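A.B. asks: Here you go, one structure.
Protein chains in written order, with our numbering: chain A, 26 to 105; chain B, 45 to 400.
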């Protein structure tokens with residue numbers, strides 16, 4: 026539940042956004058971040074953008090997620 | 045990166061030696077719990093530095109009475125239970141949402157507004173949103189409630205169980221576990237309430253508070269800062285998550301929380317009843333309260349026999365001190381909530397091999 030993902034706003038209409046995180050696209054609302062603009066990178070939590078994130082920070086998180094995904098795959102391979 | 049980690053490690057070692065006694069730092073965030081385990085941070089810390097996981101996992105802190113209320117509603121033919129996925133497997137007196145509700149009655153949603161959409165699509169049923177979580181999920185619930193009110197959607201309600209993190213920290217320091225020397229403060233809660241909100245813990249209890257992000261290097265640097273403060277006899281508030289967290293937090297989110305909710309006394313697993321620690325709907329939104337709509341009472345539940353999640357949540361014991369840990373209580377077949385949630389302390393201990 027606590028998991029929040031940085032994602033870039035690629036479409037925005039009123040408070041309804043389409044966001045992109047590492048090529049995965051999903052819907053998010055910007056109701057709680059009224060100043061969010063197209064192209065902004067935002068932290069998405071439970072379907073809502075809750076803060077702006079700087080590009081550098083977002084990249085680090087995306088890399089971390091990719092690393093975890095690889096790690097989990099390896100773990101599964103070893104145990105399975 | 046490595047030089048930053050080594051430098052932080054050095055600071056920690058030196059500061060711990062200066063302090064000359066055991067230091068206890070508590071994190072109150074499920075994601076910190078997992079990140080600390082996953083990265084193996086503990087393995088490079090001195091033995092005198094103890095890291096505890098506090099009441100930071102939303103599923104875990106939710107009282108048994110609330111879980112039983114959810115399960116009671118799941119039995120009704122006229123209701124659809126809309127819940128975040130984490131709650132599905134939490135056991136209550138009568139099974140869990142996974143086992144006890146008929147499948148059609150329970151829907152996993154990723155957002156509060158998805159729950160509201162279910163209400164639009166099923167006008168013949170009442171959709172009950174399982175509204176749990178800390179200040180991070182509370183504003184999302186508030187948005188859904190406001191939308192329901194604006195559209196006049198009457199077949200939507202919430203079972204309010206949102207918790208506030210500061211009253212829990214105060215309850216711990218006020219007696220439940222005053223051995224805690226300092227807090228590693230939660231990143232995402234701080235996005236909403238602002239890092240400045242923790243100033244009261246520093247001022248009133250003289251405990252250092254450092255807001256940390258989730259990368260291992262940020263966590264270990266935050267721990268180093270805390271240790272340095274303790275060695276110097278200081279208690280300060282700092283944020284090491286400046287790229288995301290501001291001092292004032294998300295004011296739009298704070299406003300909408302205040303518009304829809306007011307703090308009330310609430311029950312926590314392990315911590316009992318804490319003053320003004322739970323959010324309940326205020327007028328004109330009270331009729332969206334599922335407790336009132338279905339005549340349910342928000343009361344403390346019966347503890348699960350043998351389960352010591354409560355003590356784990358207060359940092360009083362480590363999971364392996366519970367007789368059920370790994371022996372009957374596993375992530376595959378959990379008995380207590382700390383083993384259910386992937387952010388739970390017991391699940392993290394189990395998964396990352398701290399069983400011996």
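Glycine included, every Cβ here is placed at the ideal spot set by N, Cα and C. Computed from a prediction, not measured in an experiment: that's the story for all the values here.
Helix, strand or coil, according to DSSP, for residue 84 of chain A in the structure here?
C.D. replies: DSSP places residue 84 of chain A in helix when its eight states are reduced to three.
A.B. asks: I want to see whether chain A comes within less than 8 Å of residue 333 of chain B, judged by CB atoms only; does it?
C.D. replies: Taking Cβ atoms only, chain A never reaches closer than 8 Å to residue 333 of chain B, which makes this a no.
A.B. asks: Taking just the CA atoms, how far does residue 226 of chain B sit from residue 78 of chain B?
C.D. replies: The alpha-carbon atoms of residue 78 of chain B and residue 226 of chain B are separated by roughly 19 Å.
A.B. asks: Let me see if you follow: with CB-CB separation under 8 Å, is residue 283 of chain B close to chain A or not?
C.D. replies: Not an interface residue.
A.B. asks: Which whole-angstrom value is the C-beta distance of residue 263 of chain B and residue 67 of chain B, which I expect to be below 8 Å?
C.D. replies: About 15 Å separates the two Cβ atoms, so there is no contact after all.
A.B. asks: For the beta strand (DSSP E) containing residue 241 of chain B, name the first residue and the last one.
C.D. replies: Taken as a continuous stretch (DSSP letters only), residue 241 of chain B belongs to no beta strand (DSSP E), as it is neither H nor E.
A.B. asks: If distances are taken between C-alpha atoms only, which option among B/157, B/259, B/203, B/209 comes closest to residue 190 of chain B?
C.D. replies: The option with the nearest alpha carbon to residue 190 of chain B is B/157.
A.B. asks: Taking 8 Å as the threshold (beta carbon to beta carbon), is residue 158 of chain B in contact with chain A?
C.D. replies: At least one chain A Cβ lies under 8 Å of residue 158 of chain B.
A.B. asks: What residue range does the beta strand (DSSP E) around residue 206 of chain B cover?
C.D. replies: Taken as a continuous stretch (DSSP letters only), the beta strand (DSSP E) holding residue 206 of chain B covers 200-206.
A.B. asks: Using the Cβ count rule (16 or more neighbours within 10 Å means buried), how would you classify residue 342 of chain B?
C.D. replies: It counts as buried.
A.B. asks: Can you find a heavy atom of the ligand SAM that lies under 7 Å from the Cβ of residue 241 of chain B?
C.D. replies: This structure lacks the ligand SAM; in fact it carries no ligand of any kind.
A.B. asks: Quick check on the DSSP output: what are the complete beta strand (DSSP E) runs of length 3 or more inside the segment 300-350 of chain B, in order along the chain?
C.D. replies: As far as the segment 300-350 of chain B is concerned, its whole beta strand (DSSP E) runs of at least 3 residues are 305-312, 316-325.
A.B. asks: Apart from the five residues just before and just after residue 281 of chain B, which ones in its own chain have a Cβ nearer than 6 Å to its Cβ?
C.D. replies: Hits under 6 Å: 242, 243, 246, 253.
A.B. asks: Just how far apart, CA to CA, sit residue 142 of chain B and residue 153 of chain B?
C.D. replies: The alpha-carbon atoms of residue 142 of chain B and residue 153 of chain B are separated by roughly 14 Å.
A.B. asks: Assess, as a yes-or-no matter, whether the segment 322-330 of chain B is touched by the segment 300-307 of chain B under the definition of 3 or more beta carbon pairs within less than 8 Å.
C.D. replies: Result yes; three or more Cβ-Cβ pairs closer than 8 Å.
A.B. asks: Over the uninterrupted alpha helix (DSSP H) stretch that includes residue 82 of chain B, give me the two end residues.
C.D. replies: Residues 74-83.
A.B. asks: Note down, one range per segment and in chain order, each beta strand (DSSP E) of at least 3 residues found wholly within the segment 268-305 of chain B.
C.D. replies: The qualifying runs are 281-283.
A.B. asks: Taking the beta carbon of residue 295 of chain B as the centre, do at least 16 other beta carbons fall within 10 Å, making it buried, or is it exposed?
C.D. replies: Looking at its Cβ environment, which holds fewer than 16 other Cβ atoms inside 10 Å, residue 295 of chain B is exposed.
A.B. asks: Given a cut-off of 8 Å, decide if residue 70 of chain B and residue 109 of chain B are closer than it, judged by their beta-carbon atoms.
C.D. replies: Not closer than 8 Å, so no.
A.B. asks: So, for residue 240 of chain B: in the same chain, excluding its five sequence neighbours on each side, which residues have a beta-carbon less than 7 Å away from its beta-carbon?
C.D. replies: These residues qualify, in order along the chain: 291, 292.
A.B. asks: Figure out for me which residue from B/393, B/358, B/61 has the closest Cα to the Cα of residue 215 of chain B.
C.D. replies: It is B/358 whose Cα lies nearest to the Cα of residue 215 of chain B.
A.B. asks: What does residue 57 of chain A touch in chain B if you count any residue whose Cβ is under 8 Å from its own?
C.D. replies: Here the neighbours are 183, 184, 187, 294, 296, 297, 300.
A.B. asks: Report the residues of the segment 232-259 of chain B with a CB closer than 7 Å to any CB of chain A, ordered along the chain.
C.D. replies: Of all residues in the segment 232-259 of chain B, 232, 235, 236, 259 have a Cβ within less than 7 Å of some Cβ in chain A.
A.B. asks: Residue 43 of chain A lies in the beta strand (DSSP E); which residues open and close that run?
C.D. replies: First-last of the beta strand (DSSP E) with residue 43 of chain A: 41-46.
A.B. asks: With distances taken Cα to Cα, identify the nearest neighbour of residue 56 of chain A among B/230, B/297, B/47.
C.D. replies: Nearest of B/230, B/297, B/47 to residue 56 of chain A, Cα basis: B/297.
A.B. asks: Identify which residue in B/62, B/313, B/333 has its Cα closest to the Cα of residue 134 of chain B.
C.D. replies: When only C-alpha atoms are compared, the closest one is B/313.
A.B. asks: Using the C-alpha atoms, what's the distance from residue 75 of chain A back to residue 267 of chain B?
C.D. replies: About 26 Å.
A.B. asks: Can you name the residues of chain A whose CB is closer than 9 Å to the CB of residue 23 of chain B?
C.D. replies: Since the first residue shown for chain B is 45 and the last is 400, residue 23 of chain B is missing from the structure and cannot be characterised.
A.B. asks: Since residue 382 of chain B contacts residue 368 of chain B with CB under 8 Å, what's their CB separation in whole angstroms?
C.D. replies: That belief does not hold up - the Cβ atoms of residue 382 of chain B and residue 368 of chain B are roughly 11 Å apart, past 8 Å.
A.B. asks: Put residue 104 of chain A into one of helix, strand or coil per three-state DSSP.
C.D. replies: In this predicted model, residue 104 of chain A has a pLDDT of only 38, less than 50, meaning its place in the structure is not dependable; the value taken from the coordinates is given anyway. The answer is helix: DSSP assigns residue 104 of chain A an H, G or I state.
A.B. asks: Does any residue of chain A have a CB that is nearer than 8 Å to the CB of residue 391 of chain B?
C.D. replies: Not an interface residue.
A.B. asks: Beta-carbon within less than 6 Å of residue 400 of chain B's beta-carbon, same chain only, minus the 5 sequence neighbours each way: which residues are those?
C.D. replies: Since pLDDT at residue 400 of chain B reaches only 40, below the 50 mark, its modelled position is unreliable, and the value read off the structure follows with that caveat. Cβ within range, chain order: n/a, list empty.
A.B. asks: Only counting the same chain, and skipping five residues up and downstream in sequence, which positions put a Cβ closer than 7 Å to that of residue 376 of chain B?
C.D. replies: Result list for residue 376 of chain B: empty, nothing under 7 Å.
A.B. asks: Helix, strand or coil for residue 184 of chain B, going by three-state DSSP, please let me know.
C.D. replies: Note: residue 184 of chain B maps to helix in three-state DSSP.
A.B. asks: Can you name the residues of chain B whose CB is closer than 7 Å to the CB of residue 82 of chain A?
C.D. replies: Those are 287, 288, listed as they occur along chain B.
A.B. asks: Could you pull the DSSP bridge partners for residue 38 of chain A from this structure?
C.D. replies: According to DSSP, which records beta bridges pairwise, residue 38 of chain A is partnered with A/41.
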